[in-house]
Amino acid sequence: MFYHITFYLLFIFIEKPITYEKVNSGNGGSGGNSSNEMQIKDLWKQDDVTNKIGAKGNLGVFMHKNKEIFAFIGTDLNGVKANKDEMKLGDKTPYHFGLRWDSDIVDTFNIQLTAAHRRGGDGIAWEKKKNLNEDEKKVHKHNGIKEAIEKHLTSKGKKVKIGKEQGYKLGEEHTFLLSAILNGKIYNNFELTVAGIYNSADFKDDKHELETFVKTNGKLSDNVRIANAEIRHVLKSGNYEQYGDLFGDVKVETDANEKVKLTNEAKFELKSILKKTERNTKVELLNN
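Take the sequence shown: its letter number 137 is residue 139 in the working numbering, and every next letter is one higher.
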């Protein structure tokens, strides 16, 4: 067993407000010259202001000579020192930890397993921000899990945009991630991905979500290519009684000649699989 410890994204910041004080120079009496100048007050002697300090640190441990296993933990400490009071640590300190396994199981297939947890809540995992239309929406505030997965992928030389096919999916309120991804090639021409991703927000009854999907692409012939063929099932707290939602997408590209490429795409959405409930079905056919 090979162990390699790495520290990454570690930094400390100190935020001190700048205040000014008046400096008198020259003689202020009649016949003398006087001037009033402003200079920055000594930053470390400002007992009448509030100082903020923070430290962000992440620790990762690679195990196995090919960095197949990666354990990680991280936090983002912050504190406030007001006037002459003692330093007080913030009550919304985020943290995260997890474990990943990324390994080739046969010559043409790779498996990625991820289990991770983070502290959730407003001002910790997420915060509200306004869009251009002034509508508020929740966005990630601290997302150390995503950073850790990116670190593991890049350490193995995988320069990819992180997403579901790498086992990452985390909503703003989600605190737990469990995923299993199988990537590989079949029949030498087609790439195949089989995945299952589970999310939860502190395991609350109405905050569970399980997404599974199968995705493939490849060449059918010299001039016909399946650009994307995917079927996806989403089961969550709000739709499990209807057996979840089903989505499908098939995109075919055909080279008619050297200058003309034809694209045909079909999509469907089936909201509520169970027959006894009201269904919301959508079908799209796109040609280019």
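Beta carbons are placed, not taken as given, at the ideal position from N, Cα and C, and that holds for glycine.
Query: Thr110 (DSSP reduced to helix, strand or coil); Result: coil
Query: Complete beta strand (DSSP E) runs within the region 173–246 (minimum length 3 residues, chain order); Result: 178–188, 192–202, 210–221, 226–238
Query: Rounded straight-line distance, which links the Cα of Trp103 to that of Gly159; Result: 15 Å
Query: Local Cβ density within 10 Å of Thr156, reported as buried at 16 or more and exposed below that; Result: exposed
Query: Cβ-based neighbour list, Lys217, same chain, cut-off 6 Å, excluding 5 preceding and 5 following; Result: Thr195, Glu232
Query: At least 3 beta-carbon pairs within less than 8 Å: the region 141–156 vs the region 204–217; Result: no
Query: Nearest-angstrom Cα separation, counted from Gly123 out to Ser36; Result: Residue placement at Ser36 cannot be trusted, given a pLDDT of 49 that sits under 50; what the coordinates show is reported in the next sentence. Spanning the two alpha carbons is a distance of roughly 57 Å.
Query: His144 (DSSP reduced to helix, strand or coil); Result: coil
Query: Collapsed DSSP secondary structure at Lys153 in the structure displayed; Result: helix
Query: Buried or exposed by the 16-neighbour rule on C-beta atoms within 10 Å, applied to Ala118; Result: buried
Query: Selected residue, minimal CA-CA separation from Tyr242, among Asp207, Glu138, Asn289; Result: Asp207
Query: Contacts around Ala182, its chain only, beta-carbon distance under 6 Å, and the 5 residues preceding and following it disregarded; Result: Leu115, Gly198
Query: Beta-carbon spacing of Arg234, Gly220 below 9 Å; Result: no
Query: Chain-order list of residues whose beta-carbon lies under 6 Å from that of Leu101 (same chain, five-residue window excluded); Result: Ala73, Ala117
Query: Bounding residues of the beta strand (DSSP E) (the contiguous stretch that carries Ala268); Result: 263–273
Query: Exposure label - Phe178; buried when at least 16 CB within 10 Å; Result: buried
Query: Beta-carbon proximity of Leu222 to Asn191, cut-off 9 Å; Result: yes
Query: Identity of the residues DSSP links to Arg121 by a beta bridge; Result: For Arg121, which the question treats as bridged, DSSP gives no partner whatsoever.
Query: Through-space distance from Glu255 to Ala150, alpha-carbon basis; Result: 36 Å
Query: Beta-carbon contacts of Lys69 that lie in its chain and below 6 Å, excluding the five residues immediately before and after; Result: Ser157, Lys158
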